[in-house]
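Worksheet: the structure to be examined is printed underneath.
Chains as they are written, first to last, in our numbering: chain S, 232 to 647; chain Y, 232 to 647.
Right, here's the structure in full:
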């Protein structure tokens, strides 16, 4: 296994050297050609996807998962549109971050360059295949894709189209390498390719992400898991709180920026909790609350310690009552996953304290946590949402796939 | 062990929350007070250092190592001066990286914030203790210091002075926490404190760094090891090449930015190699070369495959002859540690190719690799030199110890 993965790593590393020399125009032309090819060859892709769907049905996959796996003409058009959008984004490479001349005459420039080789480990979402290629290619990186076994036929078909397009444009097809062995061992072997893969980005459920974080010697960008809170302050506009909570909890429950837990100031609990609870119950949301919540909401289930740390990704929400803003912040910092946290308040001092003291990638005042998203932030594309502090934090656009390099020009300087 | 380290982690995490609220003025006053206290209490520190030196002598420590361990009044003054310099640097916190308003009215600001808790694992250099504290404190971080057993008395004395200074300024002493247990297990336990320690920075030899990189689940910034090359192009100014190579190899041999290997274009080998070799031999540098080098330099020892990858940190250099610039770049990218690489050439096309194609933090044209250093780059201080591509690359100043946070202000926005 490890030699198989090492071979792929070597091919990708060689490709990275070549990609580094492409112009923005060459890259954009290739992305547009790939978009066209995906649409033109959709019959092949849909046929391959049929195979995956048949196997999924045989093994009794949950319908939500089957839906993520399924491709249609319109979803292939969405993929193609994604490639076109990335082509339209500005090329971050070559950006000059620093440009100074030292007293000794040395001219030091820090410029934005590709990472080199990016590894993506993901689950059964074939759209990630085209997406990840586009973002990595635009930033001059070669990408090694290791998707889940459930989508292997679809991924093979999509990658074949991308590789043929690259060749047609006179570019090495190894700019995108698919790991066709989808065993646990192939993922493990990728995690050990330190020095070949420059960064590994896991995209998927909490289990996948934890496994990569714990086992990889390749630097990792942790993405995704979100135990997001909304704190309703004593000075909240309650109708606004009800609207925002409804949106953050119910608009889409399976996503990382959905709200999983509410924290309510005791002073307004008697008024706020029944309002919020009846609104959520009407949308079939199960409520798990502390003693105070259960005393106010007959339908509420007593929350356990475990509930405070849960990312339900479902129509369930936990609710805790606190005595102060400070206690709310302590509770959130203890149980959150550093993703997205919100305060609802009309009090500027409270919002300032919350913004500063809550430790998370995105901290909101009077808005839904659902906005944590590369498109909503205006980045035009997103490779994931980083929940770590190193390198990139929050929604990651193209620059998260780049690094920098110092170029130092002298005329014979030596150090004294 | 792990409960001992967890207790320290919890103390540091609590301190981080408090440090986040300090003003720049409070932090600078504290750094200046700490500088004064180190000088005033130098008797205590020197006494503690005596203990370490006595133990080092008993165990027969190498004299170069003993020298790194030894403190003197003047070295304590240097430490104090380091603190004063950090006080004088601009505070990077609060810098606004992005400030936009979205069409839906959401106001999104990306601001620079502290990492939280920084862990430093280092060897027997007590000056790192004051240094690392200063850089972390200025950037609003709590720091957990785990130095080597050989310097434990010195580290305890220095940390005591720092902690008392903090308390005197009304700041939590847990802003700097020393791990007094210097067993292998204490370092291992730190590497598992994911979610408590936000970044771990190993400073020391290649073995220490490798161990942290391989075993840590906490995100790591890899520092230090440097197998730095100088490539002498066919269009090089040879006297300049001789001067730069002499400086990069001999000015200080034990440092990561010293030159360890030369790559010489075959067209000029007959002229260049004898000039360079005789200059290096006159400074007692051992030469390990390929066949061509050995044919030109009688004193040269045949290089093995292993030599190309060696960071000697000593008066030894390897020399390889190549047929082309392209071969030079391939050789360097294969064996280097992504630290600092130089080309000596008068040919702008060659230097452009080298700058673009060599994969390293710092790439030089016609200058010594010895300039890779935070002070030489004008950053005023340095927490280390990153040889990885994630988060920070090359000499790391204060901003490398920070992350960012998105603050999103709304007035009731929900996602449609």
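Idealized CB from N, CA, C, for every residue including glycine. On a predicted model such as this, the values are computed, not experimentally measured, just so you know.
Would residue i be called buried (16 or more neighbouring beta carbons within 10 Å of its own) or exposed?
i, result
"residue 467 of chain Y", "buried"
"residue 529 of chain Y", "exposed"
"residue 555 of chain Y", "exposed"
"residue 626 of chain Y", "buried"
"residue 364 of chain Y", "buried"
"residue 414 of chain Y", "exposed"
"residue 335 of chain Y", "exposed"
"residue 620 of chain S", "buried"
"residue 303 of chain Y", "exposed"
"residue 341 of chain Y", "buried"
"residue 551 of chain Y", "buried"
So, with DSSP's three-state summary, where would you put residue i?
i, result
"residue 558 of chain S", "helix"
"residue 253 of chain Y", "coil"
"residue 471 of chain S", "helix"
"residue 272 of chain S", "coil"
"residue 346 of chain S", "coil"
"residue 706 of chain S", "The shown model of chain S, from 232 to 647, leaves out residue 706 of chain S, and the question about it has no answer."
"residue 519 of chain Y", "strand"
"residue 240 of chain Y", "helix"
"residue 421 of chain S", "helix"
"residue 340 of chain Y", "strand"
"residue 285 of chain Y", "helix"
"residue 620 of chain Y", "coil"
"residue 369 of chain Y", "helix"
"residue 440 of chain S", "helix"
"residue 502 of chain S", "helix"
"residue 399 of chain S", "helix"
"residue 541 of chain Y", "coil"
"residue 332 of chain Y", "strand"
"residue 407 of chain S", "strand"
What residues of chain S sit near residue i, judged by a beta carbon separation below 8 Å?
i, result
"residue 578 of chain Y", "None at all; the shortest Cβ gap to chain S is about 13 Å."
"residue 592 of chain Y", "636 and 637"
"residue 351 of chain Y", "The contacting residues do not exist; residue 351 of chain Y stays about 15 Å from chain S at best."
Relative to the C-alpha of residue i, which candidate in the options has its C-alpha closest?
i, options, result
"residue 268 of chain Y", "Y:408, Y:483, Y:647 and Y:394", "Y:394"
"residue 608 of chain S", "S:358, S:620, S:596 and S:628", "S:628"
"residue 515 of chain S", "S:601, S:477, S:585 and S:423", "S:477"
"residue 328 of chain S", "S:644, S:637 and S:246", "S:637"
"residue 584 of chain Y", "Y:558, Y:447 and Y:541", "Y:558"
"residue 566 of chain S", "S:542, S:577 and S:578", "S:542"
"residue 644 of chain S", "Y:412, Y:527, Y:602 and Y:264", "Y:602"
"residue 366 of chain Y", "Y:639, Y:630, Y:473 and Y:646", "Y:630"
"residue 473 of chain Y", "Y:513, Y:448 and Y:485", "Y:513"
"residue 611 of chain Y", "Y:411, Y:386, Y:247 and Y:316", "Y:316"
"residue 604 of chain S", "Y:596, Y:639, Y:586 and Y:606", "Y:639"
"residue 635 of chain Y", "S:544, S:417 and S:589", "S:589"
Going along chain Y, which residues have a C-beta under 9 Å from residue i?
i, result
"residue 498 of chain S", "None at all; the shortest Cβ gap to chain Y is about 21 Å."
"residue 625 of chain S", "341, 635, 636 and 637"
"residue 333 of chain S", "602, 607, 608 and 609"
"residue 257 of chain S", "Near residue 257 of chain S there are no residues of chain Y at all, since even the closest Cβ is about 15 Å away, more than 9 Å."
"residue 482 of chain S", "645, 646 and 647"
Cβ closer than 7 Å: which chain S residues qualify as neighbours of residue i?
i, result
"residue 642 of chain Y", "597"
"residue 448 of chain Y", "444 and 445"
"residue 337 of chain Y", "598 and 602"
Residue i touches chain Y at which residues, Cβ-Cβ below 7 Å?
i, result
"residue 586 of chain S", "638"
"residue 471 of chain S", "643"
"residue 478 of chain S", "645 and 646"
Below 7 Å, is the gap between the Cβ of residue i and the nearest heavy atom of the ligand HEM?
i, result
"residue 598 of chain S", "Only the bare structure without any ligand can be found here, which leaves the ligand HEM out of the picture."
Closer than 8 Å by beta-carbon distance: list the chain Y residues that pair up with residue i, in chain order.
i, result
"residue 374 of chain S", "None at all; the shortest Cβ gap to chain Y is about 15 Å."
"residue 430 of chain S", "620 and 621"
"residue 251 of chain S", "587 and 588"
Under 9 Å Cβ-Cβ, which residues of chain S neighbour residue i?
i, result
"residue 475 of chain Y", "641, 643, 644 and 645"
"residue 346 of chain Y", "620 and 621"
"residue 316 of chain Y", "Chain S residues near residue 316 of chain Y: none, gap ~17 Å exceeds 9 Å."
Under 8 Å: do the region 431-440 of chain Y and the region 431-441 of chain S share three or more Cβ pairs, one atom per stretch? The count of Cβ pairs closer than 8 Å, one atom from the region 431-440 of chain Y and one from the region 431-441 of chain S, stays below three, leaving the stretches out of contact.
Do three or more CB pairs link the region 364-380 of chain S to the region 451-463 of chain S at distances below 8 Å? Counting Cβ pairs under 8 Å, fewer than three are found: no touch.
Okay, do the region 569-582 of chain Y and the region 258-265 of chain S touch, 3+ Cβ pairs below 8 Å being the bar? No, because fewer than three Cβ pairs between the region 569-582 of chain Y and the region 258-265 of chain S fall closer than 8 Å, the two stretches do not touch.
Taking three-plus beta-carbon pairs below 8 Å as touching, is the region 442-451 of chain Y in contact with the region 269-289 of chain Y? Fewer than three pairs of CB atoms, one per stretch, sit closer than 8 Å, so the region 442-451 of chain Y makes no contact with the region 269-289 of chain Y.
Would you be able to state if there are at least three C-beta pairs under 8 Å between the region 349-356 of chain S and the region 293-300 of chain S? The region 293-300 of chain S is in contact with the region 349-356 of chain S.
Are three or more beta carbon pairs between the region 238-253 of chain Y and the region 377-397 of chain S nearer than 8 Å? No, the region 238-253 of chain Y does not touch the region 377-397 of chain S.
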